[in-house]
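Undergrad: The sequence shown maps to residues 1268 to 1593 in my numbering. Pasting a structure below so you can have a look.
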Amino acid sequence: MKCIRTKVIGSGHYLPAKVLTNDDLSKMVDTNDEWISTRTGIRSRHIVAEGELTSDIALKALEMAMKNANISKDDLDIIIVATLTPDNTTPTVAARIAGKLGVKSGTPAFDLGAACSGFVYAMTMADNMIRLGQVKTAAVIGVETLSNIVNWEDRNTCVLFGDGAGAVIVQASEGEGTSKDQGVLATRIYADGTQYDNLGTDGGIATTRTAGYVHMNGKEVFKFAVGAMSEASHAVLNDAGVTTADIDWLLPHQANIRIISSVGQKLEVPEEKVIVTVDHHGNTSAASIPLAISESIANGKIKSGDLVLIPAMGAGFTWGGMLIRF
Ligand code: UT7
């Protein structure tokens, strides 16, 4: 039966110029390349320059996505930004981007907070609004400057994170209602607030009046992430009536190569179909998925017609999955 699908018509990404390697980190804290690369798979990450804001890097990713989608700012009906590192406490990064880009007054723009699952949440919002006919063309951005909330003296956390931005332009298109359609075929989002203390920052507006630093119970997060991302993947595959054998790529949130590999093994997806960017991006939270999407389209991995399974998990705990045919 004919239906409206949310099709990805363009993507973009931006990484700050400064690269911080594991060797650089070993001069800052008691760590080494061997520990970081074997425990996490991370070799380098990008860090914003002094004065380079979350909105600056998001705007660069968005401009690339708009160029690739061949649309102008006047075509945008909404801007949704997934982030946990806004320029200011308020207004939103989305409002800042709308202002800097000069989108027409009245265009809705908002930030969404779901930590590392933020982009899956944001795409779910965009997909629902498009399928309801409320908007036709949406910019969905994931962006972080996590370097601003990392304690650079804590080796347990500072080696894990990076900065970056990714964006997609999605647009309503007509589908046949089958899994052969291009676009978002299924999304699922979840949360469990009883896990609040296992991952987050140790401060905030109402608690310490500071942003705080990232802290986590790494082992709990690790275990939960593998189970949650696998279950969310099965849910969206079932919703779309396909199996892991049908997918071209597994593109999980990029936190740790061991989490990514475990999810791949649980889902029985061969290693060569798993997209990995954590080695050169680190964990960029809400930016990791759109960064990996845009980079994989740019380097020719993800091609038109490919079916991509995208699970994520983050602070809250939040988790979710989406299945997109590009
Ligand atoms: O996006 C979602 C957010 N986060 C995640 O998904 C992260 C999930 N968790 C993880 O990725 C892993 O749990 C970590 C990478 C954070 C840690 O790996 P692990 O294998 O669980 O290591 P561990 O915490 O058990 O630490 C092992 C040892 C400890 O030393 P002792 O107590 O055994 O002597 C740590 O002090 O490694 C030590 N250690 C380090 N050593 C060198 C911790 N960080 C470092 C470091 N360099 N950077």
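Just so you know, even glycine gets a beta-carbon here, dropped at the ideal spot from N, CA and C. Predicted model, so just to flag it, every value in this text is computed and none were measured.
Closer than 6 Å by C-beta to Ala1499: which residues in its own chain qualify, once you throw out the five before and the five after it? Chain order, please.
TA: Counting only Cβ-Cβ distances below 6 Å, and skipping sequence neighbours, we find Arg1455, Pro1578, Trp1586, Gly1587 and Gly1588.
Undergrad: So is Ser1529 buried or exposed if we call it buried at 16+ other beta carbons inside 10 Å?
TA: So Ser1529 counts as buried.
Undergrad: Which stretch, first to last residue, makes up the beta strand (DSSP E) that contains Pro1578?
TA: Segment Leu1574 to Gly1581, the beta strand (DSSP E) holding Pro1578.
Undergrad: Under the assumption that Gly1581 contacts Ala1382 (Cβ atoms under 8 Å), give the Cβ distance between them as a whole number of angstroms.
TA: That belief holds up - the Cβ atoms of Gly1581 and Ala1382 are roughly 3 Å apart, short of 8 Å.
Undergrad: From Glu1562 to Val1451, what distance separates their C-alpha atoms?
TA: So the two alpha carbons sit approximately 19 Å from each other.
Undergrad: What are the partner residues of Arg1378, as DSSP defines its beta bridges?
TA: Inspection of the sequence shows that residue 1378 is occupied by Asp rather than by Arg. Paired residues: Val1348.
Undergrad: Is it true that the CB of Asp1469 sits closer than 8 Å to the CB of Ile1324?
TA: The answer is no: Cβ separation not under 8 Å.
Undergrad: How many whole angstroms separate the CB atoms of Lys1367 and Ser1322, which I take to be in contact at a CB cut-off of 8 Å?
TA: With 8 Å as the limit, Lys1367 and Ser1322 qualify as a contact, their Cβ atoms being about 7 Å apart.
Undergrad: Can you name, in chain order, every residue of its own chain whose Cβ lies under 6 Å from the Cβ of Asp1459, other than the five neighbours on each side?
TA: Cβ within range, chain order: Phe1584.
Undergrad: Looking at C-alpha atoms only, which residue of Val1286, Thr1474 and Asn1523 is the closest neighbour of Val1493?
TA: The shortest Cα separation from Val1493 among Val1286, Thr1474 and Asn1523 belongs to Asn1523.
Undergrad: Is Thr1511 helix, strand or coil by DSSP?
TA: Residue state, collapsed to three classes: helix.
Undergrad: For Lys1274, I'd like the list of residues in its chain whose CB is within less than 6 Å of its CB, leaving aside the five on either flank, ordered along the chain.
TA: Result list for Lys1274: Gln1438, Ser1440, Gln1449 and Gly1450, in chain order.
Undergrad: Measuring alpha carbon to alpha carbon, tell me which of Ile1345, Lys1486, Asp1515 and Phe1491 ends up nearest Phe1377.
TA: Nearest option by C-alpha distance: Ile1345.
Undergrad: Assign Phe1593 to one of three DSSP states: helix, strand, or coil.
TA: Coil, per DSSP.
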